[in-house]
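Engineer:
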Amino acid sequence: GQGEQAFCDKFTMEIMITGYVILGFLLTIGFSSFFRYNIPYEVFYYVHHLVFLLYIITILHTMDVEQRSGRSQRSQTFKWFTSTLLYYVCDRVAMKLNHHY
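First residue of the sequence shown: 95, per the working numbering; consecutive thereafter.
(1) Would you decide whether aspartate 158 is buried or exposed? Buried here means 16 or more other CB atoms lie within 10 Å of its CB.
(2) Under a three-way DSSP split, which group does glycine 124 fall into?
(3) On a Cα-Cα basis, can you pick out the residue from Phe175, Ser126 and Asn132 that is closest to tyrosine 149?
(4) Could you tell me the distance, in whole angstroms, from the CA atom of isoleucine 109 to the CA atom of histidine 194?
(5) So what does DSSP say about histidine 142, is it helix, strand or coil?
(6) Does DSSP put asparagine 192 in a helix, a strand or coil?
(7) I'd like the list of long-range same chain contacts for leucine 120, defined as Cβ closer than 8 Å, with 5 residues on each side in sequence excluded.
(8) Looking only at its own chain, which residues have a Cβ that is under 7 Å from the Cβ of valine 187, when we skip the five neighbours before and after it?
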């Protein structure tokens with residue numbers, strides 16, 4: 095019926111698709127951590143760089159069609175993710191500035 099179709103349509107909305115991508119990244123990173131001694135280090139290293147894409151997709155996840163059209167407010171999750179990313183960038187800059195050859 096109509097209710098079933100509306101329910102199924104929600105699974106193909108933009109926010110659900112970005113949510114599936116986020117879940118996929120988290121599972122990939124988690125499994126690579128679990129099997130870190132069984133996979134080459136380079137694979138582990140590069141898979142963990144997916145975190146940066148995860149940040150971008152999480153921020154995009156908060157800007158779905160509902161939010162852009164003004165029907166709902168933007169989630170505040172992006173503030174938490176952006177603040178941790180800023181902390182990471184500051185840590186890397188400090189490490190480069192304090193590294194003496």
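Beta carbons: idealized from backbone N, C-alpha and C, even for Gly. Every value quoted in this text rests on a predicted model; they were computed, and no experiment measured them.
Structural biologist: To lay it out plainly:
(1) So aspartate 158 ends up on the buried side.
(2) Helix.
(3) Comparing Cα positions, the closest option is Phe175.
(4) Roughly 46 Å between the two C-alpha positions.
(5) Three-state result, histidine 142: helix.
(6) It is helical.
(7) So the list reads Leu148, once near-sequence residues are dropped.
(8) If we look at valine 187 and ignore the five residues flanking it on each side, it has no Cβ neighbours.
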